[in-house]
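Here the structure comes first, spelled out in structure tokens, and everything after it is commentary.
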Amino acid sequence: MSAPDPPARGRAPRTHTASRLKSLLAADPGLSIAQAAERLGISRSWAHEVLTDHDGNDSRQRKLRNRPACSSCGRSTGALDGRCSLCAAEQRHKDQKAHAATRLIAWREEHGWVPTSTDLNATHARKAGGDALRRQQAAGVNAEAVRRAFGGTYRDAIEAIFGAGVQPGDGRHPPQRTFR
Ligand SMILES: [Zn+2]
Numbered sequence: 017m018s019a020p021d022p023p024a025r026g027r028a029p030r031t032h033t034a035s036r037l038k039s040l041l042a043a044d045p046g047l048s049i050a051q052a053a054e055r056l057g058i059s060r061s062w063a064h065e066v067l068t069d070h071d072g073n074d075s076r077q078r079k080l081r082n083r084p085a086c087s088s089c090g091r092s093t094g095a096l097d098g099r100c101s102l103c104a105a106e107q108r109h110k111d112q113k114a115h116a117a118t119r120l121i122a123w124r125e126e127h128g129w130v131p132t133s134t135d136l137n138a139t140h141a142r143k144a145g146g147d148a149l150r151r152q153q154a155a156g157v158n159a160e161a162v163r164r165a166f167g168g169t170y171r172d173a174i175e176a177i178f179g180a181g182v183q184p185g186d187g188r189h190p191p192q193r194t195f196r
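Quick note, the sequence shown lines up with residues 17 to 196 if you use the numbering used here.
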């Protein structure tokens with residue numbers, strides 16, 4: 017047997033309490049649950065609860081049921097900050113898309129062309145130095161993040177943001193060659 021768990025703040029973990037109760041009861045078949053509980057200094061109702069629900073599953077289920085409904089889809093499971101975990105993940109994804117789109121649009125407004133994946137590539141920008149490096153460092157997003165947010169190729173993301181037919185590098189004079 018390993019050393020007993022250090023006393024937790026408040027209640028001992030229910031699995032720990034359950035196993036101590038069970039060994040007390042096993043050691044003395046004449047002992048009632050109430051008596052075993054008394055020896056451990058816990059209430060009888062808590063002793064019953066840990067013995068019948070020693071992994072906390074039922075009480076977890078109760079807590080889940082009592083959580084407020086998701087503000088987005090109305091499901092009650094896993095609500096955090098008003099949204100369930102699925103809706104929260106969806107929102108994060110939307111935020112990432114919105115962020116990428118905002119940064120790319122800002123780039124075009126500032127520099128006059130649709131950024132290429134090369135423009136947003138840190139390694140390339142470091143090699144190029146000068147304005148290319150300053151632009152890339154100020155971009156606030158990289159090509160990989162754009163691809164991830166939109167779930168396709170960089171080119172697909174550009175069309176999704178700027179409209180069908182718009183291509184990376186559009187508006188740039190002279191056109192930049194990418195990834196030679
Ligand atoms: Zn939801």
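Glycine is no exception: its CB is placed at the ideal position from the N, C-alpha and C atoms. Keep in mind the model is a prediction, meaning the values are calculated, not measured.
Is Ser88 near ligand 1, in the sense that its beta carbon is under 7 Å from a heavy atom of that ligand? yes
What residue range does the alpha helix (DSSP H) around Val66 cover? Arg60 to Thr68
May I have the straight-line CA-CA distance separating Gly187 from Val130, to the nearest angstrom? 7 Å
List the endpoints of the continuous alpha helix (DSSP H) containing His189. Segment: none, His189 is in no alpha helix (DSSP H) and carries neither H nor E.
Candidates Arg164, Glu160, Pro184 and Ala165: which alpha carbon is nearest Arg171's? Pro184
What are the start and end residues of the alpha helix (DSSP H) that includes Arg30? Arg30 to Ala43
Compute the beta-carbon to beta-carbon distance between Ala141 and Ala148, rounded to the nearest angstrom, for a pair I have assumed lies under 8 Å. 5 Å
Exposure of Thr134, with buried meaning 16 or more beta-carbon neighbours within 10 Å: Classification for Thr134: buried.
How big is the Cα-Cα spacing for Ala105 and His189? 40 Å
For a test of the three-state rule: what should DSSP assign to Arg91, helix, strand or coil? coil
To the nearest angstrom, report how far apart Gly128 and Leu102 are at their CA atoms. 38 Å
Check whether the Cβ atoms of His115 and Val182 sit closer than 8 Å, and answer yes or no. no
What do you get for Ser154, buried or exposed, if any count of 16 or more other CB atoms within 10 angstroms of its CB means buried? Sequence check: residue 154 is Ala here, not Ser. Label assigned to Ala154: exposed.
Can you tell me whether Leu136 sits near ligand 1, meaning its C-beta is under 7 Å from at least one heavy atom of the ligand? no
Taking the alpha-carbon positions, what's the Lys143 to Thr132 distance? 16 Å
Taking only three categories from DSSP, how would you classify Pro22? Confidence at Pro22 is low in this model, with a pLDDT of 48, below 50, so the placement of that residue should be treated as unreliable; the coordinate-derived value is given next. Residue state, collapsed to three classes: coil.
Strictly by DSSP, which residues pair up with Arg55? Its beta-bridge partners do not exist; DSSP assigns none.
Please classify Ile177: is it buried, with 16 or more other beta-carbons within 10 angstroms of its beta-carbon, or exposed? buried
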